[in-house]
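Numbering (my numbering), first residue to last: 54 to 478. All C-beta atoms, glycine included, are put in the ideal place defined by N, C-alpha and C. Okay, so here's the structure we're looking at.
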Ligand SMILES: [Zn+2]
């Protein structure tokens, strides 16, 4: 993958330091709900270095393991070249090289060419998350980090089926993540729910099997929903997983799915058509046909991404009338090459049409943004005001995968803060 080239950087507008600091601190202080964030996109670079150097990587033959071995030998060679690796200078140099090599593979530095390239950044984190220690540690660190950014309610999603390469069972993976999550939630006072992700490239039967094992391991009903994720080019249509979603409903879980992370239609990327006529009833991935039909027939509670709905007024009406929220991640979509700049991301268009929307990071480490920074970039682009972002944040509570008692607690907490701290414009 193109990890060595220098992609175009995404930068906020050149603003006065006074404005920048004021808005940034407002968003940091704002109590927030984050509804679309992946565990494997939240592995800190330092944690990855630690997991690598302490040998807690499992699954030698697994995808990603080759890259892990390459990294270790690259770092060792650099350390030895700098000095004798046994000396303090050699060890330090080795560590710095390892950290930098990991950062390049785990943190997107600019705009990529596709969703496929974006997904390549998950390979190393997934390869590292194959042990009880790694799963518990990363879950806890992610919640502590979110709490430090004043996220008061968070739904964390992950695909248990990706974490069994080192010999763990689905039930163990789910148990470790949920219990570490419950402990960290208690410590921080944050309310945390979990979403299990089925993979697009798996059969519905495999995803159903995963789900049944996950539910069996969920002793305290921390699992709130199912999601579907993965490469959209090969399997764009969520309808293929209708049986998986039906099984989720039988277990009383909410339903969401990823849609709209790959562009297809002519125009956006020099006319390449990823969805080609015939393969998917003539609908390209860049169009809204697949999303419209999936929303109509699968009746999801929310959709992960789906910003392309802004191209289709009829679909916007459907989403608004049915109260189907789009959990948007602007930085992630810009990095995947779907939009050029924050000002082009259609948040304001969707909000003005009455489509419920929320803003999330998708993957805070891979995207290199906290939720506060995500808000800041949108405000700095000039398309929405800080007050509109506050309203979007508050409205997202109505669509969280949690009971009314939790919604009311969050409404009370958020509005109490706003009465004293939020400019009402
Ligand atoms: Zn996502």
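- Shortest gap from the CB of residue 277 to any heavy atom of ligand 1: 7 Å or more.
- Leaving aside the five residues that flank residue 190 on each side, the residues in its chain whose CB is nearer than 7 Å to its CB run, in chain order, 100.
- In this structure, DSSP gives residue 411 an extended state, which the three-state scheme calls strand.
- Annotation: residue 296 to residue 142 spans about 57 Å, alpha carbon to alpha carbon.
- Rounded to whole angstroms, the Cβ separation of residue 250 and residue 264 is 10 Å, and the two are not in contact under 8 Å.
- Shown here, residue 244 sits in a strand according to DSSP, grouped into three states.
- Shown here, residue 382 sits in coil according to DSSP, grouped into three states, outside any helix or strand.
- The three-state reading of DSSP puts residue 376 in coil, since its state is none of H, G, I, E or B.
- Residues of the same chain with a CB within less than 6 Å of the CB of residue 403, apart from the 5 flanking positions on each side, are 363, 410 in chain order.
- The C-alpha of residue 261 lies about 25 Å from the C-alpha of residue 235.
- Excluding sequence positions up to five before and after residue 341, its CB lies within less than 7 Å of the CB of 361, 362, 364, 365, 368, all in the same chain and listed in chain order.
- In the structure shown, residue 424 falls within a helical segment according to DSSP collapsed to helix, strand and coil.
- Check the Cα spacing between residue 148 and each of 353, 104, 290: the tightest is with 104.
- According to the DSSP secondary-structure assignment, residue 310 is paired through a beta bridge with 356.
- Sequence-distant Cβ neighbours of residue 195 in its own chain, meaning closer than 6 Å and more than five residues away, are 95.
- Here residue 349 is not near residue 309, since their CB atoms are 8 Å or more apart.
- Restricting attention to beta strand (DSSP E) runs no shorter than 3 residues, the region 255-283 encloses them at 276-282, ordered along the chain.
- In this structure, DSSP gives residue 371 a helical state, which the three-state scheme calls helix.
- Between ligand 1 and the CB of residue 282, the shortest heavy atom gap is smaller than 7 Å.
- Short note on residue 212: C-beta not closer than 7 Å to any heavy atom of ligand 1.
- Taken atom to atom, the span from the alpha-carbon of residue 436 to that of residue 388 is near 19 Å.
- Pairing residue 83 with residue 226, the inter-Cα distance amounts to about 33 Å.
- The closest heavy atom of ligand 1 lies 7 Å or more from the beta carbon of residue 95.
- Remark: the C-beta of residue 415 is in contact range of ligand 1, defined as less than 7 Å to any heavy atom.
- Following the DSSP letters along the chain, one finds residue 201 inside the alpha helix (DSSP H) bounded by residues 185-201.
- Relative to the non-hydrogen atoms of ligand 1, the Cβ of residue 357 comes within a distance shorter than 7 Å of at least one.
- Counting only the Cα atoms, residue 278 lies some 11 Å from residue 88.
- Exposed is the label assigned to residue 477, since fewer than 16 other Cβ atoms lie within 10 Å of its Cβ.
- Scanning 427, 244, 271 for the CA closest to the CA of residue 461 turns up 244.
- According to the DSSP assignment, residue 462 belongs to the alpha helix (DSSP H) that extends over 457-474.
- A distance of 8 Å or more separates the beta carbons of residue 214 and residue 169.
- Residue 159 counts as buried, since no fewer than 16 other beta carbons sit within 10 angstroms of its beta carbon.
- Less than 8 Å separates the beta-carbon of residue 207 from that of residue 90.
- Around the beta carbon of residue 374, a 10 Å sphere encloses fewer than 16 other beta carbons of the protein chains shown; the residue is thus reported as exposed.
- Taking all protein chains in view, the Cβ of residue 302 is surrounded by fewer than 16 other Cβ atoms within 10 Å, so the residue is classified as exposed.
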